[in-house]
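Worksheet for the structure shown next.
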Ligand SMILES: [Zn+2]
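As C-alpha cells, this is what we get:
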C-alpha cells in the first residue's frame, strides 16, 4: 500500500486570507474556539488552536518562505509589467509560481532580473543560456508577484502610471520586448489593443506622439517574425512613434536592449543629417 503523502501546503493566498480573517475575528475579541468555529463555517477549514495563537502572537506569518510582495509602484515593477505584456511569461508549475523571460539579448534578461528582484526583494538570479532555443533565460519565483501580474490589465494601470518614472519604466519594458527600429521608423507590435492604447496614452503624456495602433495582421494566418513562421491566432497591431518624437523617446524612455538603442541612435543621427543637409 502506498503511504500517504504529507498534506500539501495550502496555497499562499489561501493562507493569507485565513490569516486575515483570524486576525480580524481576534480584533473583535472572539475566543480561539469561536474563531475556529467561525472559520469552519465560513471556509470549511478547521484550524488548530496552536495555529491561531502563532498567528495572533505574530510567531508565524502566513507567507511561509515565499518572498513577501507589496505592489508599491516603482519604475522597476512597472518595467516588469511592460515586459510581461511582451516577451515575458508567468506560469504555475506544481507549487512554483514562475516569472520568466527568454530572449536573445543577455542584457535584456539581466535588466528584467534586476527589476523583478528589486520588486520582490530577492537576491539576483543568473541569466542562463538555453542552447536548444539559443536564448538567454532568467526566472524568478514569487506567488505574490505572479498574482499581481495575472490581474486584468485595467487593474495594473494605476501602478504603472503612478508617476513619470513609473510610466517610463513600463514603456521601456514594453519597448524592449516589442519594439523594432528600422531606418527612421520605430514601432511596437502586440496583439493586445488595450495595452497598446494605454502605451499610446503614456507616451503622449511624456510628449511622445504616435500613430496607430493599426491592424497589420489578421488572426488565423501564418506570419513571419524574425525569420520564424508562426501561426497567428490573434490580430496583431502596430503603434508607430512619430519621427518628430524620436528624440523625446530616446531621452525619456530609451532601451535596455543595446542593439535597439544603437538602431535608435542611428535613426537620430540620420535625422540630424537630413535636417542639416
Ligand atoms: Zn512612480
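In our numbering, the protein residues as written are 15 to 291. Positions of the beta carbon are idealized from the N, C-alpha and C atoms, including for glycine. Keep in mind that this is a model prediction, so the values were computed, not measured.
Close Cβ partners of residue i (< 6 Å) along its chain, the five nearest in sequence each way excluded
i           : result
residue 132 : 90
residue 61  : 50 and 53
residue 82  : At residue 82 the pLDDT is 49, less than 50, meaning the model places this residue with poor confidence; the figure from the coordinates comes in the next sentence. If we look at residue 82 and ignore the five residues flanking it on each side, it has no Cβ neighbours.
residue 233 : 246, 247, 248 and 249
residue 219 : none
Contact set for residue i: own chain, Cβ-Cβ below 8 Å, skip 5 residues either direction
i           : result
residue 225 : 253, 254 and 256
residue 96  : 174, 183, 184, 185, 186, 187, 188, 189, 190 and 191
residue 142 : 150, 151 and 152
For residue i, the nearest candidate out of the options (CA to CA)
i           : options               : result
residue 164 : 205, 199, 51 and 106  : 106
residue 144 : 37, 152 and 180       : 152
residue 194 : 167, 281 and 134      : 281
residue 71  : 134, 259 and 46       : 46
residue 202 : 247, 99 and 103       : 99
residue 120 : 109, 136 and 140      : 140
residue 206 : 168, 278, 113 and 222 : 168
Residues near residue i in its chain [Cβ-Cβ closer than 7 Å; skip 5 each side]
i           : result
residue 101 : 115, 117 and 191
residue 122 : 190, 270 and 271
residue 93  : 129, 183, 184, 186 and 187
Limits of the unbroken beta strand (DSSP E) element including residue i
i           : result
residue 224 : 224–231
residue 142 : 142–144
residue 193 : 193–196
residue 209 : Where residue 209 is concerned, there is no enclosing beta strand (DSSP E), although the alpha helix (DSSP H) it sits in stretches over 207–219.
residue 107 : 103–107
residue 59  : Taken as a continuous stretch (DSSP letters only), residue 59 belongs to no beta strand (DSSP E), as it is neither H nor E.
Environment of residue i [buried if 16+ CB atoms lie within 10 Å]
i           : result
residue 148 : exposed
residue 177 : exposed
residue 293 : The requested residue 293 does not occur in the structure, where the chain is confined to residues 15 to 291.
residue 274 : buried
residue 86  : exposed
residue 227 : buried
residue 247 : exposed
residue 157 : buried
residue 154 : buried
Run of the alpha helix (DSSP H) containing residue i, from where it starts to where it stops
i           : result
residue 130 : 120–134
residue 95  : 89–98
residue 174 : 167–174
Chain D within 8 Å of residue i, Cβ atoms only
i           : result
residue 147 : In summary, chain D is missing from the structure at hand, where a single protein chain is found.
Practice task
Specify whether the segment 150–167 and the segment 60–69 touch according to this definition: at least 3 beta carbon pairs, one from each stretch, less than 8 Å apart.
Solution key: Here the segment 150–167 does not lie against the segment 60–69, with fewer than 3 beta-carbon pairs under 8 Å apart.
Practice task
Evaluate contact between the segment 213–225 and the segment 121–132, counting only Cβ atoms and requiring at least three cross-stretch pairs below 8 Å.
Solution key: no
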